[in-house]
Amino acid sequence: MNQQGQFRAMGVVLYRKDISASLRTLYLWCRLYGPFWVFAPGSGKGKLGRGMTEPLTWGEFHLYRSTKGFYLKAADSRDDFWWLRKNPKKLREALYWGGLLRKYLLPEHGEDKLLKLFYWSLVLLREGEYLLPLRWRFLWKWLGLRGEAPDLWCCQGCGRISEEGNLAFSPQGTGLLCSSCLPGTVEVSKEDIHVLHELRKAVMLSRKNFHNGGFTLLPSRWEKYTALLEAILRDNS
Ligand SMILES: [Zn+2]
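Residues in the sequence shown are numbered consecutively from 224, following the numbering used here.
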């Protein structure tokens, strides 16, 4: 990012940190520019409405770059996801995703496809109640953009495709294996097949059909599998 002076960028507030009553810093994530810190007035006076500095607010940001850093002058809200602030469970989920992005995104490195994925995942979150299947979907697609998502159709050991889903996670949780490739006498169980069908469904369904998915896995199971994806993110970052 080498622009000096004024410019505009579309994006989202990922994180806010108040320095004093009149000054706050925001971690903005913008199209083309990636994530970066900006100084913003904290009082809510002037051109910048207070709501525009809330995490998960999307819009067009009017920025100024000096030798000391980036400054936010004004912003036009495009989608403030206000509904999120009324639903604590969904707000927690969205902030959780935002926290992972803040942790693993490379500063000042454009990630436009992921930015788009984040936006549409939030839209899905707004529309339904399947929070954990949605977390799995978001993380799997995020890893997919990095070329690191576990293959849900092929055995990681022998490469054989299993349409029926006769695969189970390896003991290390890094990928799926068929009965021949699982260690020792471990075999793919009926439960494993059911799990894989749910995991596949969560990533395959279109946005329109996602909330008709009829997901049946227990929350603890979804947490177990989303944790595997988070471990891949962590270990490869
Ligand atoms: Zn195999």
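Glycine is no exception: its CB is placed at the ideal position from the N, C-alpha and C atoms.
Note that this is a predicted model, so its numbers are computed, not measured.
Inset, instruction - Taking only the alpha-carbon atoms, compute the straight-line gap between aspartate 303 and histidine 434 and give it to the nearest angstrom. - result: Along the sequence shown, read from residue 1 onward, the residue named residue 303 stands at position 80. Along the sequence shown, read from residue 1 onward, the residue named residue 434 stands at position 211. Cα to Cα, the separation comes out at about 22 Å.
Legend entry - For proline 264, the first and last residue of its enclosing beta strand (DSSP E): Here the question's residue 264 lines up with position 41 in the sequence shown. Unbroken beta strand (DSSP E) run through proline 264: 257-264.
Inset, instruction - Can you tell me which of the three DSSP states glutamate 352 falls into? - result: Position 129 of the sequence shown, counted from the first residue, corresponds to residue 352. DSSP, reduced to helix, strand and coil, places glutamate 352 outside both helices and strands of the structure shown, so it counts as coil.
Inset, instruction - Indicate, with yes or no, if ligand 1 has a heavy atom lying under 8 Å from the CB of leucine 400. - result: Within the sequence shown, the letter at position 177 stands for residue 400. Ligand 1 approaches leucine 400 closely enough that one of its heavy atoms is under 8 Å from the residue's Cβ.
Inset, instruction - May I ask you to check if the CB of serine 412 is nearer than 8 Å to at least one heavy atom of ligand 1? - result: Locating residue 412 in the sequence shown gives position 189, counting from the first residue. Checking every heavy atom of ligand 1 against the Cβ of serine 412, none is found closer than 8 Å.
Inset, instruction - With DSSP collapsed to three states, give me the class of aspartate 458. - result: Here residue 458 corresponds to residue number 235 of the sequence shown, with the count starting at 1. Aspartate 458 falls in the helix class under three-state DSSP.
Legend entry - Bounding residues of the beta strand (DSSP E) (the contiguous stretch that carries methionine 233): In the sequence shown, counting from the first residue as 1, residue 233 sits at position 10. First-last of the beta strand (DSSP E) with methionine 233: 228-241.
Legend entry - Terminal residues of the beta strand (DSSP E) in which threonine 288 lies: What you label residue 288 is simply residue 65 of the sequence shown in a count that begins at 1. Going by the sequence as given, residue 288 is arginine instead of threonine. That run of the beta strand (DSSP E) goes 281-289.
Legend entry - beta-carbon glycine 234 near ligand 1 non-hydrogen atom, thresh 8 Å: Here residue 234 is taken as the residue at index 11 of the sequence shown, counted from 1. Not under cutoff, so the answer is no.
Inset, instruction - Round the Cβ separation of leucine 249 and leucine 279 to the nearest angstrom and send it over; I've been treating them as touching at under 8 Å. - result: What you label residue 249 is simply residue 26 of the sequence shown in a count that begins at 1. What you label residue 279 is simply residue 56 of the sequence shown in a count that begins at 1. Going by Cβ atoms, the distance from leucine 249 to leucine 279 rounds to 12 Å, so no, they are not a contact pair.
Legend entry - Residues bridged to serine 393 (per DSSP): In the sequence shown, counting from the first residue as 1, residue 393 sits at position 170. In the DSSP output, where bridge partners are listed per residue, serine 393 has none listed.
Inset, instruction - Tell me serine 300's beta-bridge partners as DSSP assigns them. - result: Counted from its first residue, the sequence shown places residue 300 at position 77. DSSP, once it has assigned bridges, lists Gly282 as partnering serine 300.
Inset, instruction - Note down, one range per segment and in chain order, each alpha helix (DSSP H) of at least 4 residues found wholly within the region 401-428. - result: 413-427
Inset, instruction - Please report the residue range of the alpha helix (DSSP H) in which tryptophan 320 lies. - result: Taking the first residue of the sequence shown as position 1, residue 320 is located at position 97. Looking at the DSSP string, the run of the alpha helix (DSSP H) that includes tryptophan 320 is 311-327.
Legend entry - Inter-stretch contact (C-beta, 8 Å, three-pair minimum) for the region 428-442 and the region 367-386: no
Inset, instruction - Go through its chain and collect everything with a Cβ distance to alanine 298's Cβ below 7 Å, but skip five positions before and after it. - result: Counting from one through the sequence shown, the residue named residue 298 turns up at place 75. Closer than 7 Å at Cβ, skipping near neighbours: Leu271, Met275, Gly282, Glu283, Phe284 and His285.
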